[in-house]
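Residue numbers (the numbering used here), protein chains in the order written: chain A, 62 to 671; chain B, 7 to 357.
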Amino acid sequence: MPIESINDCVIRFANVNGSGSASANQLFARSIMRMGVPVAPRNIFPSNIQGLPTWYEVRVSEAGHRGARGGTDFMVAMNPQTWDKDVASIEPGGYLFYDSSRTVPDSKLREDIVVLGMPLTNICNREFTDPRQRNLFKNIMYVGALAALLDMDLAESEKLISEQFKGKEKLIAPNQKVLRMGYDLARETFQCPLPMRLRRSDKVGDAVFLDGNTAAGLGAVYGGATVCAWYPITPSTSLAEAFERYCNRLRVDPVTKQKKFGIVQAEDELASIGMVIGAGWNGARAFTATSGPGISLMQEFLGLAYFAEIPAVLFDVQRGGPSTGMPTRTQQSDILLAAYASHGDTKHVLLFPEDPHECFEFGALAFDLADRLQTPIFVMLDLDIGMNQHMCKPLKWDDTRNLDRGKVMSAADLDAAKDWGRYLDVDGDGIPYRTYPGTHPTKGAYFTRGTSRDRYARYTEEAAPYVDNMERLLHKFETAKTIVPAPEFRAAAQPTRLGVLYYGSTAPSMNEAAELLAKEGVHLDLMRVRAFPFSAEVTDFIAAHEQVFVVEQNRDAQLRTLLLAECSIDPAQLVKILNYDGNPITARFIRKAIVDHVERLSARSPKVHS
Amino acid sequence: MSYLAKPKFHHPDIETNELGFTHRDYEGSISTLCAGCGHDSISSAIMRACFELSLPPHRIAKLSGIGCSSKTPTYFLGQSHGFNSVHGRMPSVLTGANLANRDLIYLGVSGDGDSASIGFGQFAHSIRRGVNMVYIVENNGVYGLTKGQFSATSDRGSKSKRGVVNTDSAIDLAATALQLGATFVARSFSGDKSQLVPLIKAAIEHRGSAFIDCISPCVAFNNHEGSTRSFDYVRSHNAALNKLDYITGRAPITTDYEPGSTQVVKLHDGSTIRLSKIGADYDVHDRVAAMHHLHTRQATGEIVTGLIYLDGEPHDLHDSLNTVTTPLNELNTPDLTPGQKALDAINASLR
Numbered sequence: 062m063p064i065e066s067i068n069d070c071v072i073r074f075a076n077v078n079g080s081g082s083a084s085a086n087q088l089f090a091r092s093i094m095r096m097g098v099p100v101a102p103r104n105i106f107p108s109n110i111q112g113l114p115t116w117y118e119v120r121v122s123e124a125g126h127r128g129a130r131g132g133t134d135f136m137v138a139m140n141p142q143t144w145d146k147d148v149a150s151i152e153p154g155g156y157l158f159y160d161s162s163r164t165v166p167d168s169k170l171r172e173d174i175v176v177l178g179m180p181l182t183n184i185c186n187r188e189f190t191d192p193r194q195r196n197l198f199k200n201i202m203y204v205g206a207l208a209a210l211l212d213m214d215l216a217e218s219e220k221l222i223s224e225q226f227k228g229k230e231k232l233i234a235p236n237q238k239v240l241r242m243g244y245d246l247a248r249e250t251f252q253c254p255l256p257m258r259l260r261r262s263d264k265v266g267d268a269v270f271l272d273g274n275t276a277a278g279l280g281a282v283y284g285g286a287t288v289c290a291w292y293p294i295t296p297s298t299s300l301a302e303a304f305e306r307y308c309n310r311l312r313v314d315p316v317t318k319q320k321k322f323g324i325v326q327a328e329d330e331l332a333s334i335g336m337v338i339g340a341g342w343n344g345a346r347a348f349t350a351t352s353g354p355g356i357s358l359m360q361e362f363l364g365l366a367y368f369a370e371i372p373a374v375l376f377d378v379q380r381g382g383p384s385t386g387m388p389t390r391t392q393q394s395d396i397l398l399a400a401y402a403s404h405g406d407t408k409h410v411l412l413f414p415e416d417p418h419e420c421f422e423f424g425a426l427a428f429d430l431a432d433r434l435q436t437p438i439f440v441m442l443d444l445d446i447g448m449n450q451h452m453c454k455p456l457k458w459d460d461t462r463n464l465d466r467g468k469v470m471s472a473a474d475l476d477a478a479k480d481w482g483r484y485l486d487v488d489g490d491g492i493p494y495r496t497y498p499g500t501h502p503t504k505g506a507y508f509t510r511g512t513s514r515d516r517y518a519r520y521t522e523e524a525a526p527y528v529d530n531m532e533r534l535l536h537k538f539e540t541a542k543t544i545v546p547a548p549e550f551r552a553a554a555q556p557t558r559l560g561v562l563y564y565g566s567t568a569p570s571m572n573e574a575a576e577l578l579a580k581e582g583v584h585l586d587l588m589r590v591r592a593f594p595f596s597a598e599v600t601d602f603i604a605a606h607e608q609v610f611v612v613e614q615n616r617d618a619q620l621r622t623l624l625l626a627e628c629s630i631d632p633a634q635l636v637k638i639l640n641y642d643g644n645p646i647t648a649r650f651i652r653k654a655i656v657d658h659v660e661r662l663s664a665r666s667p668k669v670h671s
Numbered sequence: 007m008s009y010l011a012k013p014k015f016h017h018p019d020i021e022t023n024e025l026g027f028t029h030r031d032y033e034g035s036i037s038t039l040c041a042g043c044g045h046d047s048i049s050s051a052i053m054r055a056c057f058e059l060s061l062p063p064h065r066i067a068k069l070s071g072i073g074c075s076s077k078t079p080t081y082f083l084g085q086s087h088g089f090n091s092v093h094g095r096m097p098s099v100l101t102g103a104n105l106a107n108r109d110l111i112y113l114g115v116s117g118d119g120d121s122a123s124i125g126f127g128q129f130a131h132s133i134r135r136g137v138n139m140v141y142i143v144e145n146n147g148v149y150g151l152t153k154g155q156f157s158a159t160s161d162r163g164s165k166s167k168r169g170v171v172n173t174d175s176a177i178d179l180a181a182t183a184l185q186l187g188a189t190f191v192a193r194s195f196s197g198d199k200s201q202l203v204p205l206i207k208a209a210i211e212h213r214g215s216a217f218i219d220c221i222s223p224c225v226a227f228n229n230h231e232g233s234t235r236s237f238d239y240v241r242s243h244n245a246a247l248n249k250l251d252y253i254t255g256r257a258p259i260t261t262d263y264e265p266g267s268t269q270v271v272k273l274h275d276g277s278t279i280r281l282s283k284i285g286a287d288y289d290v291h292d293r294v295a296a297m298h299h300l301h302t303r304q305a306t307g308e309i310v311t312g313l314i315y316l317d318g319e320p321h322d323l324h325d326s327l328n329t330v331t332t333p334l335n336e337l338n339t340p341d342l343t344p345g346q347k348a349l350d351a352i353n354a355s356l357r
């Protein structure tokens with residue numbers, strides 16, 4: 062039986078990288094969103110410019126589930142290289158749409174799915190002479206066909222095309238024409254709409270649709286970053302590029318055309334972080350965007366910034382590693398690398414945004430935190446949040462908010478101060494007062510170095526001042542717990558001894574899994590960790606539950622390790638739920654892992670099943 | 007070893023500059039380098055240059071990497087902010103600092119290990135970018151702090167104190183800086199203060215990447231027979247190109263020169279450097295000829311010193327980036343944060 066559903070399906074496009082499918086696929090996803098129906102698209106792409114297989118998956122969910130679901134209901138198979146696997150991956154009763162310009166033998170098809178062939182290449186070759194157009198328009202044509210098959214509002218797609226080509230008006234008409242051709246031909250050829258279809262709804266509201274890298278780059282603009290030094294690396298490159306794009310739009314003096322920002326594409330990640338540290342030392346807000354391999358290269362400098370207490374912001378868009386390994390697949394596998402980056406007793410503040418909305422929010426907040434704590438702040442994105450477009454709450458800014466530059470002495474402050482020392486803990490929070498170079502002719506100058514110095518920044522290799530400084534840094538880290546974003550708690554519908562800790566891009570799938578599990582009678586209290594160091598709320602949450610699942614996207618349960626190390630927790634209390642195959646974690650996966658565990662538990666002690 | 011304070015008293019008739027500062031105001035703490043170290047002479051040349059230019063010490067930022075040379079910023083300009091960063095990475099830290107505040111004077115101090123080995127890449131790229139700085143390499147051809155290993159500027163065939171002969175080719179940092187587009191390139195010798203002080207002054211006045219390769223013999227590990235960085239060797243192989251006499255614009259002209267023996271070099275701000283030429287027909291504005299000259303002399307074992315190349319119209323990183331004239335670290339919320347209205351428009355474009 063063909064799958065029947067309304068506003069609840071997964072459509073997957075199998076394309077060849079570089080064939081121009083990306084914008085057509087995005088047009089499809091945005092058209093659905095314009096119909097008021099929530100979508101969650103994901104791009105699965107190779108480390109390649111042209112020729113290798115790439116997929117684009119659109120999850121349609123009236124209920125608003127934004128995580129990856131797993132499984133494919135409708136396959137648009139445009140890549141002969143991956144045909145067999147693509148066809149095999151379709152759910153029974155699902156649909157296969159393909160380019161029938163070349164005959165596909167029955168043996169290459171399946172009987173338990175609905176097969177929809179349309180000779181896209183033949184039609185495009187007949188209608189167009191330009192080889193580039195012939196290729197590109199195949200993609201637009203299948204979007205038109207899908208609109209008919211799924212009962213979409215073609216006008217929304219047409220409107221999006223006009224918006225997309227604003228300024229290149231001569232492209233609008235041919236694109237719209239091809240879209241319409243696909244639509245009409247599908248209606249002539251197939252029984253439209255299919256049992257699995259879409260319907261206009263009102264579940265999108267004022268949501269926006271953007272990727273986390275763009276949001277974080279924009280966050281850096283709002284956070285007052287003026288210096289960006291970076292080295293290109295997938296999947297973080299588009300973050301620095303978004304910063305530049307928005308700066309060029311928002312931070313150029315209208316009269317002089319001069320720029321209120323400086324961006325340097327450095328020679329490597331060592332230079333990137335060096336520039337960020339130099340700029341931070343000198344009072345500018347500075348950041349770099351990178352991924353795990355870059356963080357590895359920055360280790361020595363990160364220790365220096367930690368000990369010399371220099372504000373810096375790093376956006377780590379996590380991926381699989383190293384070198385050529387899995388650079389285009391998502392993971393949360395830099396947690397320990399970042400938390401303890403460098404040598405000689407170091408710990409760093411990490412922020413875990415869940416979606417582009419929070420990428421923007423934390424992207425700006427990170428600069429206040431860096432200045433207030435005088436230390437590097439890591440914003441831990443991953444490829445899934447960073448490079449995929451997500452539907453999320455619109456971006457918000459409080460116009461009364463001022464950039465918080467932390468404890469900085471002006472010339473007047475220095476004149477008024479009885480006793481100033483760069484590393485003196487005046488306020489008892491472990492955070493000293495700093496000066497920018499050039500502030501005062503005779504006061505406030507100091508020499509910046511690693512650890513061999515006293516509270517007045519004077520050189521010493523003696524033991525007591527070293528220990529004194531190390532203890533103060535720990536105290537500062539305690540202070541950090543009180544000012545980083547607090548975890549988000551969501552109580553189960555009924556009291557439970559089971560809790561879940563999760564973070565970052567796992568959030569939408571975890572939320573969905575919790576709903577599924579609640580329906581099956583497995584109730585879970587949820588806590589989304591939003592920062593490291595962990596505040597008391599996190600340890601209290603663990604203490605309040607018999608078992609806590611820690612759901613992560615890495616092999617070694619890195620957040621769990623961090624919890625064990627930092628909060629002295631009994632390892633038996635924290636259950637690992639790990640997905641690390643490079644694909645975003647799904648609700649189905651989490652549900653199954655938790656059910657399996659709960660069943661094992663209840664076999665031993667039935668009371669735990671709440 | 008602890009922080010060493012210096013007594014503050016001085017002679018009542020001590021010389022003062024335009025700001026009323028004495029040379030004591032340009033000092034740092036007492037050096038902990040070996041007695042007789044060439045680096046200390048460079049430190050005192052830096053102090054002298056800043057004193058003569060009447061620079062307010064707090065408007066200078068001094069940055070370094072790791073090594074003997076990189077320790078020296080502690081020993082001069084105690085009223086300046088200093089940054090002893092990590093090995094070989096001074097150029098990137100300086101570049102970032104310069105981006106943050108274009109109004110300060112940036113003095114980068116490095117060594118041959120720091121710049122020619124571990125930091126060769128950062129040295130190259132900071133110069134390529136035209137960062138406005140004075141980049142001094144205190145070049146002794148040896149790793150001092152780790153006790154006598156060859157550095158990448160050691161000449162092939164030179165002998166270490168323990169008798170080991172270096173088999174690797176040397177990196178000529180001045181020639182490399184020329185090739186990379188430095189707009190001011192000089193080489194000097196820590197033992198020739200009369201040449202070094204004016205060079206440092208000219209480098210400070212230069213608005214662009216100013217590179218000085220300063221040969222600075224290591225008295226502990228590289229001052230023996232068989233070394234090509236010893237005081238004796240450098241003195242006997244020094245091929246000085248020119249002698250910088252003074253810089254106008256700040257200092258008055260006090261001496262006359264024979265016509266034809268001097269080259270007057272105009273700087274971007276209208277001030278001039280007057281060079282008394284030693285090598286005939288040497289034009290400091292000809293980059294290609296400068297490279298040729300360096301290589302030719304090097305082949306004969308000579309060490310070319312003096313102002314090697316000067317671009318009178320330098321272009322710096324801020325020019326390339328077209329940044330505002332206000333230092334970026336002085337911009338605040340209204341300059342930087344576009345507000346909700348701009349965000350509304352962005353939100354609208356994302357639906």
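All residues carry an ideal CB built from backbone N, CA and C; glycine is no exception.
Find the nearest neighbour of residue i within the set the options, judged by alpha-carbon distance.
{"i": "Ala518 (chain A)", "options": "A:Phe368, A:Pro632, A:Ala473, A:Ile446", "result": "A:Phe368"}
{"i": "Glu336 (chain B)", "options": "B:Ala41, B:Gly127, B:Asn107", "result": "B:Asn107"}
{"i": "Asp272 (chain A)", "options": "A:Ser566, A:Ser663, A:Glu613", "result": "A:Ser566"}
{"i": "Ile222 (chain A)", "options": "A:Asn78, A:Ala373, A:Asn236, A:Leu430", "result": "A:Asn236"}
{"i": "Phe106 (chain A)", "options": "A:Leu411, A:Met387, A:Asp429", "result": "A:Met387"}
{"i": "Gly505 (chain A)", "options": "A:Met470, A:Asp488, A:Gly511, A:Gly125", "result": "A:Met470"}
{"i": "Arg649 (chain A)", "options": "A:Asn76, A:Ala129, A:Gly125", "result": "A:Ala129"}
{"i": "Cys40 (chain B)", "options": "B:Gly345, B:Tyr81, B:Phe89, B:Ala51", "result": "B:Tyr81"}
{"i": "Lys347 (chain B)", "options": "A:Asp460, A:Asn183, A:Gly482", "result": "A:Asp460"}
Among residues of its own chain, excluding the 5 on either side of residue i, which ones have a beta-carbon nearer than 6 Å to its beta-carbon?
{"i": "Lys229 (chain A)", "result": "none"}
{"i": "Ser333 (chain A)", "result": "Ala290, Trp291, Tyr292, Ala327, Thr349"}
{"i": "Ile72 (chain A)", "result": "Val119, Phe135"}
Less than 8 Å separating the beta-carbons of residue i and residue j?
{"i": "Leu240 (chain A)", "j": "Ser218 (chain A)", "result": "yes"}
{"i": "Met139 (chain B)", "j": "Gly102 (chain B)", "result": "no"}
{"i": "Ser262 (chain A)", "j": "Ser297 (chain A)", "result": "no"}
{"i": "Ser144 (chain B)", "j": "Ser236 (chain B)", "result": "Before going on, a small fix: residue 144 (chain B) reads as Glu here, not Ser. It is not a contact, given that the beta carbons lie outside the stated cut-off."}
{"i": "Leu100 (chain B)", "j": "Ile66 (chain B)", "result": "no"}
{"i": "Arg589 (chain A)", "j": "Glu419 (chain A)", "result": "no"}
{"i": "Leu623 (chain A)", "j": "Phe593 (chain A)", "result": "yes"}
{"i": "Gly154 (chain A)", "j": "Pro254 (chain A)", "result": "no"}
{"i": "Thr521 (chain A)", "j": "Arg514 (chain A)", "result": "yes"}
{"i": "Leu202 (chain B)", "j": "Ser194 (chain B)", "result": "yes"}
{"i": "Val137 (chain B)", "j": "Ser215 (chain B)", "result": "yes"}
Can you give me the Cβ contacts of residue i inside the same chain, cut-off strictly under 7 Å, excluding the 5 residues immediately before and after it?
{"i": "Ala257 (chain B)", "result": "The pLDDT assigned to Ala257 (chain B) is 45, lower than 50, so where the model puts this residue is not dependable; a value taken from the coordinates is nonetheless given after this. These residues qualify, in order along the chain: Glu58."}
{"i": "Gly344 (chain A)", "result": "Tyr497"}
{"i": "Pro265 (chain B)", "result": "Here Pro265 (chain B) scores only 45 on pLDDT, less than 50, and its place in the model is too uncertain to base an answer on."}
Please confirm if the segment 97-115 of chain A is in contact with the segment 66-84 of chain A, defined as three or more CB-CB distances below 8 Å between the two stretches.
yes
Counting Cβ pairs, one atom from each stretch, are 3 or more of them under 8 Å apart for the segment 200-208 of chain B and the segment 333-353 of chain B?
no
When you check each C-beta in the segment 77-88 of chain B against every C-beta of chain A, which residues fall closer than 8 Å?
Pro79, Thr80, Gly84, Gln85, Ser86, His87, Gly88
Examine the Cβ distances between the segment 399-408 of chain A and the segment 356-376 of chain A and report whether three or more of them are shorter than 8 Å.
yes
Evaluate the contact criterion for the segment 432-451 of chain A versus the segment 478-496 of chain A: three or more CB pairs, one atom per stretch, below 8 Å.
yes
Any residues in the segment 336-349 of chain B with a beta carbon nearer than 7 Å to a beta carbon of chain A? Which ones, in chain order?
Leu337, Asn338, Thr339, Asp341, Leu342, Thr343, Pro344, Gly345, Gln346, Ala348, Leu349
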